[in-house]
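Residue numbers (the UniProt record's numbering): 1 to 133.
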């Protein structure tokens, strides 16, 4: 599965859609989910919600006044239902679905961007990237 893992990581890194992976934190009794910790944010998610790839703070640390956000991800984890949450930083919305022992989320822009014509621009050799859109 190593080639697939490498391909999946590359796709996540290049995706214009923000993708994040959260792991639940349980209460001492092991029953209730009391918080979520970030396992991974792809570059698009990092830009959209202004966090690093692996924030050391938990969801509750970063959004202490937003109980609805924790409830949203908790519900997605417990029910495996897809859902949409409005109100993340930067005007982005979020979708979530349960995947194994974590919750995967995605961010999207609040306003749709106007369509851009597809064009490839080749950059000069001294620029590290070979091409950009």
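Even for Gly, the Cβ is constructed at its ideal location relative to N, Cα and C.
Item	Value
Secondary structure of residue 24, DSSP reduced to three states	strand
Backbone CA spacing between residue 3 and residue 74 [nearest angstrom]	32 Å
Rounded separation between residue 70 and residue 23 - CA only	12 Å
Backbone secondary structure at residue 61 - three-state DSSP	helix
For residue 11 and residue 140, believed in contact at Cβ under 8 Å, the rounded distance	The structure shown does not extend to residue 140, since the chain is modelled only from 1 to 133, so the question has no answer here.
Length-filtered (4 minimum) alpha helix (DSSP H) runs lying within the stretch 5-54	43-49
Classification of residue 32 by the beta-carbon crowding that lies within 10 angstroms, buried from 16 upward	exposed
8 Å Cβ cutoff met for residue 53 and residue 18	no
Helix, strand or coil at residue 79 according to DSSP, with G and I counted as helix	helix
Inter-residue Cα distance where the pair is residue 35 and residue 7	31 Å
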